[in-house]
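Under my numbering, the residues of the sequence shown are numbered 22 to 334, in order.
Here the structure comes first, spelled out in structure tokens, and everything after it is commentary.
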Amino acid sequence: MTWNADSLPDQTGRVVLVTGANAGLGFWTSLGLARAGAEVVLASRSATKTQAAMRAIRVKVPDARLSHLPFDTSSLDSVRAAGERLADLDRLDALVANAGMVHMPKERQETADGIELVFATNVVGHAALLAEALPVLQRTADAHDSAPRVVLLGSLSTLLVRFHGDDLQLRDGYSGWQAYAQSKIALSSLGFELDRRLAASHSTVRALVAHPGYSVNGLDRGVPGVNEPTRGRRFSDTLQSVYAQSKQRGAQPTLRAITDEAADGGWFFGPRWLTKGDAVRQTPAAITTDRDVAAALWTDLERLIGTPILPTS
Numbered sequence: 022m023t024w025n026a027d028s029l030p031d032q033t034g035r036v037v038l039v040t041g042a043n044a045g046l047g048f049w050t051s052l053g054l055a056r057a058g059a060e061v062v063l064a065s066r067s068a069t070k071t072q073a074a075m076r077a078i079r080v081k082v083p084d085a086r087l088s089h090l091p092f093d094t095s096s097l098d099s100v101r102a103a104g105e106r107l108a109d110l111d112r113l114d115a116l117v118a119n120a121g122m123v124h125m126p127k128e129r130q131e132t133a134d135g136i137e138l139v140f141a142t143n144v145v146g147h148a149a150l151l152a153e154a155l156p157v158l159q160r161t162a163d164a165h166d167s168a169p170r171v172v173l174l175g176s177l178s179t180l181l182v183r184f185h186g187d188d189l190q191l192r193d194g195y196s197g198w199q200a201y202a203q204s205k206i207a208l209s210s211l212g213f214e215l216d217r218r219l220a221a222s223h224s225t226v227r228a229l230v231a232h233p234g235y236s237v238n239g240l241d242r243g244v245p246g247v248n249e250p251t252r253g254r255r256f257s258d259t260l261q262s263v264y265a266q267s268k269q270r271g272a273q274p275t276l277r278a279i280t281d282e283a284a285d286g287g288w289f290f291g292p293r294w295l296t297k298g299d300a301v302r303q304t305p306a307a308i309t310t311d312r313d314v315a316a317a318l319w320t321d322l323e324r325l326i327g328t329p330i331l332p333t334s
């Protein structure tokens with residue numbers, strides 16, 4: 022069956038966790054999943070913003086099954102607290118690692134855990150969340166004879182910079198752009214390496230990577246409390262529409278990675294025309310599939326989070 026963004030496969034009975042779900046790509050991903058019948062766990066920092074997102078989803082899907090999981094990806098304590106709540110879930114069929122910084126600080130900053138802020142927020146927090154969530158995903162796989170999925174968000178920026186694997190936290194020569202692009206290379210690399218290790222362990226859990234192209238808020242319709250671009254933003258984003266698309270369209274590669282029954286682990290989805298277009302299978306940046314790079318990154322991430330990402334038993 023051909024995957025159709027306008028009519029997703031029925032997701033009734035599935036539980037999906039989406040990080041950064043209260044706005045942008047995370048919101049449109051959550052709305053699409055709710056429309057398809059999934060129970061959606063919206064993981065985000067702000068309860069107020071998440072409640073607004075949940076109200077907006079219920080305008081479109083009155084019987085949507087939604088819940089909020091407090092989650093700050095820049096704080097390892099917050100991730101561990103979220104993990105304790107995840108352990109109580111009856112099932113978890115998919116996890117979408119969507120949350121992340123897109124407006125980087127001009128000067129290098131560190132979190133309370135002593136990790137560079139962009140790398141911590143976009144990568145380390147999700148690695149820690151995976152360590153907490155993978156046992157729940159595996160339990161779901163075993164109980165329901167299913168193949169739960171992890172979807173990590175990549176970016177066009179992975180094609181545009183050199184990866185400094187020996188300086189993941191950019192202690193030497195920080196720039197906001199390098200920090201963002203490097204974090205997206207690392208997150209994509211983590212996804213592909215996770216899938217290789219899951220397959221080697223004979224798990225049916227699978228990991229995929231998706232990227233949204235060049236997606237902007239000003240091309241989306243207004244959603245109270247969720248997407249309220251200024252008139253100036255709408256004007257500037259409309260001028261870019263020849264090569265940009267809405268965040269709702271940008272969520273389609275993620276939705277396909279979650280719901281396309283034909284998709285396999287290690288696949289990479291993005292817009293057909295690189296920056297915009299229908300969600301199709303694409304070829305990722307070579308750096309993100311380099312096994313030596315991934316192995317070194319995996320070791321560094323486990324050291325930073327203080328626990329194995331993939332349980333050994």
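For every residue, glycine included, the Cβ atom is placed at its ideal position computed from N, Cα and C.
Buried or exposed for A158, please, with buried defined as at least 16 other CB atoms from any protein chain shown within 10 angstroms of its CB. Locating residue 158 in the sequence shown gives position 137, counting from the first residue. Here residue 158 is Leu; the residue named in the question, Ala, does not match the sequence. It counts as buried.
Beta carbon of A68, beta carbon of T40: below 8 angstroms? Here residue 68 corresponds to residue number 47 of the sequence shown, with the count starting at 1. Here residue 40 corresponds to residue number 19 of the sequence shown, with the count starting at 1. Taking 8 angstroms as the Cβ cut-off, A68 and T40 do not qualify as a contacting pair.
Report back the beta-carbon spacing between T94 and H147 to the nearest angstrom; my notes put them in contact at under 8 angstroms. To locate residue 94, count along the sequence shown from 1; it is residue 73. To locate residue 147, count along the sequence shown from 1; it is residue 126. Rounded, the Cβ-Cβ distance is 6 angstroms, consistent with contact.
Since A202 contacts V182 with CB under 8 angstroms, what's their CB separation in whole angstroms? As a working mapping, residue 202 is identified with position 181 in the sequence shown. As a working mapping, residue 182 is identified with position 161 in the sequence shown. The C-beta separation of A202 from V182 comes to about 4 angstroms, placing the pair in contact by the 8 angstroms criterion.
If we ignore side chains and look at the alpha-carbon of each, how far apart do T309 and I330 end up? Residue numbering aside, residue 309 sits at position 288 when the sequence shown is read from its first letter. Residue numbering aside, residue 330 sits at position 309 when the sequence shown is read from its first letter. Here the C-alpha atom of T309 lies approximately 18 angstroms from the C-alpha atom of I330.
Rounded to whole angstroms, how far is the Cβ of V62 from the Cβ of L97, which I believe are closer than 8 angstroms? Within the sequence shown, numbered from 1, the residue matching residue 62 stands at position 41. Within the sequence shown, numbered from 1, the residue matching residue 97 stands at position 76. In this structure V62 is not in contact with L97, their Cβ atoms being roughly 20 angstroms apart against a cut-off of 8 angstroms.
Please report the Cβ distance between S210 and A44, rounded to the nearest whole angstrom; I am assuming they are in contact, meaning their Cβ atoms lie under 8 angstroms. The residue given as residue 210 occupies position 189 in the sequence shown. The residue given as residue 44 occupies position 23 in the sequence shown. Going by Cβ atoms, the distance from S210 to A44 rounds to 26 angstroms, so no, they are not a contact pair.
Just list the residues that DSSP pairs Q266 with in beta bridges. The residue labelled residue 266 in the question sits at position 245 within the sequence shown. In the DSSP output, where bridge partners are listed per residue, Q266 has S236.
Whether T179 touches G234 by CB criterion (8 angstroms): By 1-based counting over the sequence shown, the position of residue 179 is 158. By 1-based counting over the sequence shown, the position of residue 234 is 213. Not in contact: T179 and G234 (Cβ atoms no closer than 8 angstroms).
Helix, strand or coil for S178, going by three-state DSSP, please let me know. For this step, residue 178 is matched to residue 157 along the sequence shown. S178 falls in the helix class under three-state DSSP.
Taking the alpha carbon of G271 as the point to measure from, which residue in G197, A207, A307, L177 has its own alpha carbon closest? In the sequence shown, the residue the question calls residue 271 occupies position 250. Looking at the Cα atoms, L177 is the closest of the given residues.
Using the DSSP secondary-structure output, state which residues sit across from G291 in a beta bridge. The count along the sequence shown starts at 1 and reaches residue 291 at position 270. V301.
Closest by CA to L173, which one among F290, L52, S167, G246? As a working mapping, residue 173 is identified with position 152 in the sequence shown. In this structure, F290 is the residue among F290, L52, S167, G246 with its C-alpha nearest to the C-alpha of L173.
When the Cβ atoms of the region 71–78 are set against those of the region 115–127, are three or more pairs found closer than 8 angstroms? A contact between stretches requires three or more CB pairs, one per stretch, nearer than 8 angstroms, and the region 71–78 fails this requirement with the region 115–127.
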